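Residue numbering for the sequence shown follows the numbering used here, starting at 2 and increasing by one per position. Where is the CB? At the ideal position from N, CA and C, for every residue including glycine. Nothing here was measured: the structure is a model prediction, and the numbers come from that model. To keep things clear, I will list the structure first and then write my remarks on it.
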Amino acid sequence: MPVGRTRAITLRLDDRLLADAKHYAAQSGRTLTSLIDEGLGDLLARRAAPLPVGRIALPTGGRGGLQPGVTIDSNAALLDAMGRRP
């Protein structure tokens with residue numbers, strides 16, 4: 002639950018959603034405000050959390066290593082080798 006100042010606001014909610022939320026709050030012994038605080042907090046935390054990234058298999062071929070004549074000491078040389086020189 003957030004820590005800090007609170008503010009009274011007006012919300013427009015779907016009638017069914019509001020009725021369900023009030024019922025849930027009453028059944029769980031909580032206030033509607035605490036449900037909204039938790040729900041918004043969870044939503045924002047999920048949005049801020051990085052998405053899990055699985056392992057990516059990159060295609061490989063040949064023996065590996067650099068192509069003949071390519072040096073990794075120069076960005077320009079690498080861009081030339083990839084055909085991406087500006």
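DSSP three-state assignment for residue i, whether helix, strand or coil
i, result
"Ile37", "helix"
"Met2", "Caution applies to Met2, whose pLDDT of 48 falls short of 50 and renders its modelled position unreliable; the value that the coordinates give is listed next. Of the three classes helix, strand and coil, the one that applies to Met2 here is coil, per DSSP."
"Ala50", "coil"
"Gly62", "coil"
"Gly42", "helix"
Sub-8 Å separation of residue i and residue j beta-carbons
i, j, result
"Leu79", "Ile73", "yes"
"Gln68", "Ala82", "yes"
"Ala26", "Leu19", "no"
"Ala49", "Leu33", "no"
Opening and closing residue of the alpha helix (DSSP H) in which residue i lies
i, result
"Ala26", "16-29"
"Ala77", "76-83"
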